[in-house]
Every structure is written in C-alpha cells, then in structure tokens.
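For reference, the structure is listed below as structure tokens.
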Amino acid sequence: MLILAVRFYFFYDNQHQLANGQQISFETTILSQPQVVGNRQVFTANYQNQKIRITTGRFPEMNYGDFVRIIGQISNKNNRVLMYSPKIEAINNSSNILQSGLRRINIFRQKLITLFSKTLPSPSSSLLLGIIFGIKEQMPKDFSNNLKTSGVFHVIAASGMNVTLIGGFISTFFAFFLKRQIAICLSILGIMFYAVLAGLEPSIIRASIMGILVFSAQILGRQTLAINGLFLAGFTMLLVDPTLISDIGFQLSFAATLGLVLIPKIKAIGKIWVIGEGVNTTIAAQIATLPILLATFGTYSIYSILVNGLLLWTVPILMIIGGIGAILGLILMPLGQLLIYLCYPLLLYFETIVNIFGKIGGAITIESLSWQFILGYYCLLSSVLLILRKKE
Amino acid sequence: MKKAFLIGTVLIFLLGYIFIYQIITYNDKKLHVVVCDVGQGDAIFVRTPQGSDILIDGGPDDSVLNCLGKHMPFWDRTLEIMILTHPHSDHFIGLFEVLKNYKVKSFASEDLGNKTAGFNALMEEIKKQRIPTKYVFAGDRFILKDGVILKIVGPTQKFIQQTSPGGTIGESSEFASLESLLIYGKFSALLTGDSQVAELRDAISNGLGNIDLLQVPHHGSRFGLTADILEVLSPKLAAISVGKNNKYGHPTSFILEMLKSLKIKTLRTDQVGDIEIISDGLSWRVK
Numbered sequence: 176m177l178i179l180a181v182r183f184y185f186f187y188d189n190q191h192q193l194a195n196g197q198q199i200s201f202e203t204t205i206l207s208q209p210q211v212v213g214n215r216q217v218f219t220a221n222y223q224n225q226k227i228r229i230t231t232g233r234f235p236e237m238n239y240g241d242f243v244r245i246i247g248q249i250s251n252k253n254n255r256v257l258m259y260s261p262k263i264e265a266i267n268n269s270s271n272i273l274q275s276g277l278r279r280i281n282i283f284r285q286k287l288i289t290l291f292s293k294t295l296p297s298p299s300s301s302l303l304l305g306i307i308f309g310i311k312e313q314m315p316k317d318f319s320n321n322l323k324t325s326g327v328f329h330v331i332a333a334s335g336m337n338v339t340l341i342g343g344f345i346s347t348f349f350a351f352f353l354k355r356q357i358a359i360c361l362s363i364l365g366i367m368f369y370a371v372l373a374g375l376e377p378s379i380i381r382a383s384i385m386g387i388l389v390f391s392a393q394i395l396g397r398q399t400l401a402i403n404g405l406f407l408a409g410f411t412m413l414l415v416d417p418t419l420i421s422d423i424g425f426q427l428s429f430a431a432t433l434g435l436v437l438i439p440k441i442k443a444i445g446k447i448w449v450i451g452e453g454v455n456t457t458i459a460a461q462i463a464t465l466p467i468l469l470a471t472f473g474t475y476s477i478y479s480i481l482v483n484g485l486l487l488w489t490v491p492i493l494m495i496i497g498g499i500g501a502i503l504g505l506i507l508m509p510l511g512q513l514l515i516y517l518c519y520p521l522l523l524y525f526e527t528i529v530n531i532f533g534k535i536g537g538a539i540t541i542e543s544l545s546w547q548f549i550l551g552y553y554c555l556l557s558s559v560l561l562i563l564r565k566k567e
Numbered sequence: 446m447k448k449a450f451l452i453g454t455v456l457i458f459l460l461g462y463i464f465i466y467q468i469i470t471y472n473d474k475k476l477h478v479v480v481c482d483v484g485q486g487d488a489i490f491v492r493t494p495q496g497s498d499i500l501i502d503g504g505p506d507d508s509v510l511n512c513l514g515k516h517m518p519f520w521d522r523t524l525e526i527m528i529l530t531h532p533h534s535d536h537f538i539g540l541f542e543v544l545k546n547y548k549v550k551s552f553a554s555e556d557l558g559n560k561t562a563g564f565n566a567l568m569e570e571i572k573k574q575r576i577p578t579k580y581v582f583a584g585d586r587f588i589l590k591d592g593v594i595l596k597i598v599g600p601t602q603k604f605i606q607q608t609s610p611g612g613t614i615g616e617s618s619e620f621a622s623l624e625s626l627l628i629y630g631k632f633s634a635l636l637t638g639d640s641q642v643a644e645l646r647d648a649i650s651n652g653l654g655n656i657d658l659l660q661v662p663h664h665g666s667r668f669g670l671t672a673d674i675l676e677v678l679s680p681k682l683a684a685i686s687v688g689k690n691n692k693y694g695h696p697t698s699f700i701l702e703m704l705k706s707l708k709i710k711t712l713r714t715d716q717v718g719d720i721e722i723i724s725d726g727l728s729w730r731v732k
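Protein chains in written order, with my numbering: chain A, 176 to 567; chain B, 446 to 732.
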C-alpha cells in the first residue's frame with residue numbers, strides 16, 4: 176500500500192498539465208486497437224504520463240503496433256484530455272523490437288479476423304471473434320449496443336475463462352511429450368501471447384497475471400490463493416500505470432473477480448439445469464460491481480441475470496470449438512471452417528436472445544450516483560460478507 | 446468425454462437442420478431484389494435465380510452486412526459482382542466492410558474518382574485483393590447464366606465528360622451516378638443511385654421506359670425526378686432508401702406528392718426496413 180502511495184504521489188506530481196488549446200507534437204506507439212465509431216477512429220496515446228484520447232478520420236486505417244508522430248491541439252473537456260483530427264504520420268522504425276513484435280502479432284490478428292469473417296456472416300463472426308479473442312473492432316454497432324443493454328457485453332472481453340482454457344489446453348497438450356515444467360512454461364508464454372493478441376485490455380492483463388501466478392505456483396509446487404493473486408495483479412498493474420485506477424475496465428474486472436472469490440454461491444440456484452451456474456456467477460459479479468455499473472452507464476437491466484444464465488453455458492463450448500477451429504484454420508483453412516460452422520447454431524441462439532433482450536432494454540435508469548452512496552454500499556456489502564464468514 | 450460427445454452430436458444435428466432450411470429458403474429459383482435498410486445511404490442487393498449475388502453500393506457504414514447476412518445462406522461468402530454507382534461516402538463506406546467479410550469476384554463503377562482518403566483506401570483495398578475492375582458506361586451490360594441482365598443505362602461517356610470534366614466528383618455536388626436496369630423475364634427494376642433529372646432524361650432519350658420497380662433517385666431529393674419522367678417510366682412500385690430524421694430533409698414532400706398523385710405505391714426503408722421484391726420472371730411481389 177505504501178509503495179503504491181509513493182508511486183501515485185510521484186506519478187501525479189510529475190504529470191504535465193496540458194492546457195486547453197496547447198499545440199503539441201510527439202511520437203508514440205499505438206498500444207490499443209483503434210475503435211471505429213461511424214466515420215471516425217478513436218484511440219488513446221501516451222504523452223509524458225498523460226493519456227490523450229484521440230479522435231481522427233476513418234481513413235487511413237490505423238493498427239495496433241503502428242509507430243506514429245502526432246501533431247495536434249489539446250482540448251480539455253469534462254476532465255478528459257482530448258485531441259481532434261490531429262496530423263498523424265506513420266514512422267517506419269523496424270529496428271524497434273517492441274514495435275516489430277507488435278506488428279507481427281497484428282498480422283496474425285488480421286489473419287484470424289479474415290478467417291472468421293470470411294467463414295460466417297456478421298454479426299456471428301464478430302461475436303465469435305469477441306468470445307474467443309476479445310477482438311471487438313469488427314462488431315456491428317447495433318449488435319454491440321444490444322450486448323450492452325442486455326447485460327452480456329462482458330463475454331466479448333477476454334478475461335479469466337479465456338486464460339484458464341488456454342493455459343490448461345497448452346499444458347495438457349504438451350505434457351504428453353514434454354516435461355511438465357516445460358509444458359507449464361509454454362503455457363505461460365501462451366498466455367502472454369494471447370494477452371497481446373487480445374489487445375492488452377485491463378481485464379485480460381489482470382487475468383493473465385493471475386493465470387501466470389497459478390501456473391508458476393505449479394512449477395514451484397505451492398498453493399495459491401486466488402485472492403492473493405488478484406491483489407498482486409492489481410498492485411503490479413497500478414504500479415506500472417497509476418492512471419488505471421480511474422479506468423472503468425480495470426475497476427469492473429477487479430471488483431467482479433473479487434466478488435466471484437468472496438461472495439458465497441447459493442446452492443439451490445447452482446443446481447438448476449444448465450443455467451444455474453451462469454446465474455450464480457452473474458449474481459456474485461453483479462453484487463460486487465453494481466455501483467460502478469450504475470455510476471458509469473446509468474442503466475441496469477433487471478433481465479441481465481436471466482440473460483446471462485441463458486447464455487453463459489455456451490461460452491466455454493464456443494471458446495473450445497472456435498479456438499481449435501482458429502488454430503486448424505490457420506494451417507488448413509477448410510478444416511478450420513468446418514469447426515467454425517459447428518459454432519453457428521449456438522451463435523444464432525446467442526444472437527436471438529441478445530437481440531430480444533436488447534430491444535426490451537434496461538429497466539432501471541439512474542441519473543447520477545453520489546460517492547457517498549457507493550462507499551455506503553461497499554461498507555454494507557463487506558459487513559454482510561464478514562458476518563457470513565463468521566457463521567461458517 | 447461423454448458430455449463432449451453429446452454436445453458435438455447435438456451441434457452437428459442443428460447445423461444439418463440449418464443447412465437444409467437455408468437451402469430451401471435461399472435457393473428458390475427466383476430473383477430477389479433487396480433495397481437494404483442502411484440509414485441515410487444506398488445499398489441494393491440482388492440474388493439471382495441461380496444464386497449469383499450482386500451488390501450495388503454499400504451504404505454509409507457496416508449495416509449492409511446485416512442485410513447481406515439476412516438474405517444469403519450463411520456458407521455463401523462470395524459476391525459475384527460489386528458495383529459502386531458513384532464515389533460518395535454514403536454509398537461506398539459499407540463496401541469497405543463488405544471487402545473485409547466477403548470474397549468479391551468483380552468490381553464495376555463509373556469512371557470518376559474522388560480525392561478523399563476513404564475512397565483512396567477503398568480503391569487500394571480492391572487493388573490489393575486483385576479484384577478485376579471495370580469502368581462502365583451506358584450501353585454496357587452484365588448477362589448472367591440464368592437469364593438475368595443488368596444493363597447500364599446511364600451515364601454516357603459524353604455526359605460524364607460534360608458534367609465532370611476533371612474526372613473527379615466533389616463531396617457535395619452530385620452529377621453523374623450509374624443507373625442500371627435489372628431485367629429478368631418480364632420484370633424490370635431501375636436502380637438510380639444519386640442521379641439527377643438531366644441524366645434520367647438522357648437515358649430516356651436513349652430508349653428507357655416502362656418499368657416495374659423504381660429506386661427513387663438520391664434518397665428522394667427534390668432534383669431527382671419530374672412528373673413527365675415518372676409518366677414515361679410508369680413504375681408500379683417506388684422504393685426510397687433513406688435514413689430516419691436525416692439532416693437533408695430526404696425524402697422531400699415534392700417527390701412524395703408527385704408519387705402519390707400518380708398513384709404509385711411507395712415504400713421507404715426508414716419506415717419498413719429492408720424492402721424485398723421477389724420475381725419468377727413472369728410476375729413479382731413484395732415480401
């Protein structure tokens with residue numbers, strides 16, 4: 176805690192205050208995939224510890240890993256540092272290892288996108304890309320809105336389940352003909368590669384750090400506690416990038432995982448056929464994240480628990496079949512396509528439910544949420560959890 | 446293991462069901478013309494009786510993908526012909542998305558360019574994917590195996606030279622736009638893009654007349670039609686591709702009144718969504 180406090184102090188003390196209208200020019204590597212919104216591309220760039228949200232024209236298309244020089248004017252709005260339509264020049268700098276590495280991963284990423292989107296129609300293809308790889312830039316806008324309103328947008332963010340499946344898959348596969356330690360090392364490398372492929376969002380970084388801890392503990396022969404892993408992950412991430420504390424993705428991912436670890440499951444619900452487990456997980460995650468969700472999005476769909484229950488059981492099946500399809504498809508396209516076809520019935524089911532509940536919409540709307548309420552909510556929640564723990 | 450086997454079997458069964466269901470619905474040996482609901486913009490999809498797919502314009506965003514997904518079987522990822530009527534963003538941005546999601550076998554457009562980064566990106570992508578490209582003028586035609594003919598009726602080479610001597614088109618001025626006549630047996634449909642009165646007159650003087658379906662030019666703009674042109678064409682059905690509450694005030698009441706006074710049934714994508722017309726070459730109906 177103390178180390179973090181010191182880090183925060185120095186970070187914000189050193190941060191340059193950018194004035195409204197200030198003209199700046201800097202070079203940077205684009206570290207997250209630009210999101211296409213209608214006629215525009217939006218991405219964040221780092222300038223002297225300050226994150227700038229840049230909005231620019233749809234073309235030329237920019238990619239993750241591009242090294243660029245940005246020249247433009249700062250505009251401050253609602254405590255955010257923005258920049259509209261700056262001049263962006265691509266700089267070719269292939270000697271930079273980070274950049275050439277990212278570029279290579281990006282080529283691989285584009286290959287995956289092409290494989291899926293030339294196999295299935297949209298939005299099925301983009302839904303599958305989102306579920307397996309957390310790749311979202313292909314997602315049609317109206318479908319992505321329906322995912323948000325029906326409360327299942329989180330399935331297209333790469334996170335814990337993806338990491339568990341990938342790590343597990345690689346270590347079991349290689350354990351057949353390699354030493355167990357080496358297989359586990361490979362699975363750690365696999366998780367890191369996957370995190371970069373998925374676009375290095377906070378949720379996947381958190382999940383990867385936790386996953387890597389679990390797997391390394393296996394090499395060392397130690398037991399890990401999920402809660403320790405979670406705090407270590409949060410600690411490391413904040414140490415590297417203190418601005419994450421105000422990042423919604425980070426807050427949600429951290430709070431939801433904490434909820435999954437600490438909030439006890441209701442046994443009666445867990446027994447319901449197929450949907451029980453999904454409902455239980457969703458309840459725990461939602462109890463832990465509700466104030467953040469309300470404060471950020473202002474709406475909450477009371478059907479979201481039901482929707483999650485109806486849909487979550489399909490996610491691991493889609494991940495496994497689609498994931499194997501992706502690997503095979505890169506080697507021999509038609510073979511992979513056959514497996515991706517096999518996902519299609521489940522994807523249709525998924526889309527139908529999302530579109531139905533997306534149209535019904537969120538039932539609770541809240542104008543604004545005060546910090547006192549949020550604090551009070553978490554105080555009450557922790558006291559309830561402590562009482563429950565004591566009883567056990 | 447037993448569970449995986451069960452899930453696999455169920456999925457294979459469902460997939461088989463979807464295959465058979467879609468073969469029956471999409472391969473009905475009829476011509477389908479769909480004016481896609483893409484908001485303020487144009488995208489028209491044609492599926493011929495033998496299952497060749499033609500797309501004319503792509504609309505302003507990725508919503509054209511929804512339309513294609515709905516009107517093609519899921520395994521058909523190929524467009525035989527892709528046409529751009531003229532290089533304006535509300536007609537071509539969607540084509541960019543189409544190129545990412547479909548295999549396009551040929552591309553045709555009018556011989557006009559546009560200096561925006563978007564249009565350059567589109568042409569570069571077409572070149573990169575090595576799609577055969579052809580510039581077409583009035584008189585050119587695509588004849589498909591199943592008897593469907595797509596005939597370009599405007600603009601003529603002369604018209605383009607007069608209206609756009611520089612060989613480019615601006616973002617705000619609309620002059621030349623490809624007009625094509627789709628013919629299958631007795632059924633015919635005129636697709637007009639953003640063309641204006643002068644170009645339609647030109648086409649009529651070259652023999653165009655009497656059609657079944659008219660795609661109203663330029664989203665129902667004031668300058669797309671006149672009463673005498675409508676009388677010559679005498680369409681039975683008019684389709685307007687237009688976005689809800691668009692900033693241009695399309696479709697104009699001028700055009701709507703004109704269609705009404707001539708008792709031409711009119712459908713608008715902002716009111717009914719995708720407009721689909723099905724023909725067996727003898728008669729036709731709206732789905």
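Using N, Cα and C, we set each Cβ at its ideal position, and we do this for glycine too.
Contacts that residue i makes with chain B (C-beta to C-beta distance below 8 Å)
i	result
Glu236(A)	Ala566
Ser479(A)	Within 8 Å Cβ-Cβ: nothing; Ser479(A) doesn't reach chain B, min ~24 Å.
Same chain, Cβ closer than 6 Å to residue i, five either side skipped, listed in chain order
i	result
Ile549(A)	Pro466
Tyr552(A)	Pro466
Ala459(A)	Gly434, Leu435, Ile438
Val243(A)	Ile263, Ala265
Leu675(B)	Leu707
Thr409(A)	Note that residue 409(A) corresponds to Gly in the displayed sequence, not to Thr. Same-chain partners within the cutoff: Phe429.
Leu544(A)	Leu469, Ala470
Thr457(A)	Ile480, Asn483
Ala683(B)	Leu659, Val661, Leu704, Ile709, Thr711
Under 9 Å by beta carbon: chain A residues contacting residue i
i	result
Lys545(B)	Ile288, Thr289, Ser292, Lys293, Gln313
Ser562(B)	A small fix is needed here, since residue 562(B) is Ala in this sequence, not Ser. Under the 9 Å cutoff, chain A gives Gly232, Arg233, Phe234, Pro235.
Chain B residues whose Cβ lies nearer than 7 Å to that of residue i
i	result
Pro520(A)	Leu456, Leu459, Leu460, Ile463
Tyr184(A)	By Cβ distance, chain B contributes nothing, its closest Cβ being about 44 Å from Tyr184(A), past 7 Å.
Ile492(A)	Ile452
Leu505(A)	Correct list: empty, because the minimum Cβ distance to chain B is about 17 Å.
Leu177(A)	By Cβ distance, chain B contributes nothing, its closest Cβ being about 49 Å from Leu177(A), past 7 Å.
Proximal residues of chain A, C-beta to C-beta of residue i below 8 Å
i	result
Lys548(B)	Lys293
Own chain, CB closer than 7 Å to residue i, minus 5 neighbours either side, in chain order
i	result
Asn546(B)	Leu510
Tyr629(B)	Leu476, Gly592, Val593, Ser724, Gly726
Within chain A, the residues that residue i reaches when beta carbons sit closer than 7 Å
i	result
Ile469(B)	Chain A residues near Ile469(B): none, gap ~17 Å exceeds 7 Å.
Asn690(B)	Within 7 Å Cβ-Cβ: nothing; Asn690(B) doesn't reach chain A, min ~16 Å.
Ile614(B)	Chain A residues near Ile614(B): none, gap ~17 Å exceeds 7 Å.
Thr540(B)	Note that residue 540(B) corresponds to Leu in the displayed sequence, not to Thr. Here the premise fails: no neighbours, minimum Cβ distance about 13 Å.
Proximal residues of chain B, C-beta to C-beta of residue i below 9 Å
i	result
Ser297(A)	Asp507, Leu510, Asn511, Leu513, Gly514, Glu542, Asn546
Leu514(A)	The contacting residues do not exist; Leu514(A) stays about 10 Å from chain B at best.
Cβ neighbours of residue i in the same chain (closer than 8 Å, five flanking residues each side left out)
i	result
Phe390(A)	Gly342, Ser346, Ile359, Ser362, Ile363, Ile366
Pro577(B)	Lys550, Ser551, Phe552
Pro680(B)	Leu635, Ile656, Asp657, Leu658, Leu659, Ile709
Leu405(A)	Arg381, Met385, Phe429, Thr432, Leu433, Val436
Thr230(A)	Arg215, Gln216, Val217, Leu257, Met258, Tyr259, Ser260
Any non-hydrogen atom of the ligand NAP closer than 7 Å to residue i Cβ
i	result
Ile178(A)	Questions concerning the ligand NAP fall outside what the structure shown contains, since it holds no ligand whatsoever.
Chain C within 8 Å of residue i, Cβ atoms only
i	result
Leu510(A)	Included in the structure are the protein chains A and B, with no chain C among them.
Beta carbons nearer than 8 Å to chain A: which residues of the segment 515–533 of chain B have them?
Within the segment 515–533 of chain B, the residues whose Cβ lies closer than 8 Å to any Cβ of chain A are, in chain order, Met517, Phe519, Trp520, Arg522.
Check whether the segment 358–375 of chain A and the segment 226–237 of chain A touch, using three or more Cβ-Cβ pairs below 8 Å as the test.
Segments in contact, no.
Stretch pair the segment 669–676 of chain B + the segment 686–703 of chain B: three plus CB contacts closer than 8 Å
Cβ pair count under 8 Å is three or more, so yes.
For the segment 487–509 of chain B, enumerate the residues whose C-beta is nearer than 9 Å to any C-beta of chain A, in chain order.
Going along the segment 487–509 of chain B in chain order, one finds Pro505, Asp506, Asp507, Ser508 with a Cβ nearer than 9 Å to chain A.
Does the segment 516–530 of chain B come close enough to the segment 281–291 of chain A that 3 or more CB-CB pairs lie under 8 Å?
No, because fewer than three Cβ pairs between the segment 281–291 of chain A and the segment 516–530 of chain B fall closer than 8 Å, the two stretches do not touch.
At 4 residues or longer, what runs of the alpha helix (DSSP H) sit wholly inside the segment 578–615 of chain B?
Fully enclosed alpha helix (DSSP H) runs of 4 or longer: 602–608.
Counting only Cβ-Cβ distances shorter than 9 Å, please list the residues of the segment 417–451 of chain A near chain B, keeping chain order.
The segment 417–451 of chain A vs chain B, Cβ under 9 Å: nothing.
Chain A contacts from the segment 471–485 of chain B (Cβ-Cβ distance under 7 Å)
The segment 471–485 of chain B vs chain A, Cβ under 7 Å: nothing.
Just to confirm the assignment: which complete alpha helix (DSSP H) runs, minimum length 4, are found wholly within the segment 514–543 of chain A?
List check, alpha helix (DSSP H) in window: nothing returned.
What runs of the beta strand (DSSP E), each 3 residues or longer, lie entirely inside the segment 613–647 of chain B?
Runs of the beta strand (DSSP E) inside the segment 613–647 of chain B: 624–629, 632–636.
Which runs of the alpha helix (DSSP H) fall wholly inside the segment 453–519 of chain B and span at least 4 residues, in chain order?
Within the segment 453–519 of chain B, complete alpha helix (DSSP H) segments of at least 4 residues are found at 508–516, given in chain order.
Would you call the segment 321–336 of chain A and the segment 297–313 of chain A touching, i.e. three or more CB-CB distances under 8 Å?
Output reads yes: the segment 297–313 of chain A touches the segment 321–336 of chain A.
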